[in-house]
Amino acid sequence: MKLENQRRKLQASIPTQSQIEVKFKKLAEQWKHWKSKVWFLPFTQKLTHPAYQQIIALGHDAIPLLLKELAQNDEPDHWFYALIAITGENPIAEEQRGRIIEMKEAWIKWGKTKGYIN
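Numbering (the working numbering), first residue to last: 1 to 118.
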């Protein structure tokens, strides 16, 4: 009985995908709002914002959400660094660097290949 109670408590403490999505959206909105006010800062400094770092801390659960964000926006935010930090991979070819649309397409292709998005 005691073991069963511990198992239930553990399961209750694990966030569901919908809870992770809500948290992701909140953090992404915080970061975008803050970023729009400090457009003059170097981009690398923007990556150190707590909301961006918390998105990275979501780990692999954030990957489909980040890819969805990239896919849905014609002018994507720089989620590339978060994806690299989480996955340890970088599908962006040398000649694509700095070309945001090509970078976005490389990550979307990667996400489809790995089964994170359709």
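Just so it is clear, CB atoms sit at the ideal spot from N, CA and C, and this is done for glycine as well.
>> Just to confirm the assignment: which complete alpha helix (DSSP H) runs, minimum length 4, are found wholly within the stretch 46-76?
In response: 50-57 and 63-72
>> Once DSSP output is grouped into helix, strand and coil, what is the label at Y81?
In response: helix
> To the nearest angstrom, how far is it from the Cα of Y116 to the Cα of F43?
Replying inline: 27 Å
>> Please identify the residue among T16, A51 and K25 whose C-alpha is closest to the C-alpha of W31.
In response: A51
> T113 by DSSP, collapsed to three states: which one?
Replying inline: helix
> According to the neighbour-count rule (16 or more other Cβ atoms, all chains shown, within 10 Å of its Cβ), is F24 buried or exposed?
Replying inline: buried
>> Can you look up I108 in the DSSP assignment and give me helix, strand or coil?
In response: helix
> Between which two residues does the alpha helix (DSSP H) containing L27 stretch?
Replying inline: Q17 to K37
> Helix, strand or coil: which one does DSSP assign to I101?
Replying inline: helix
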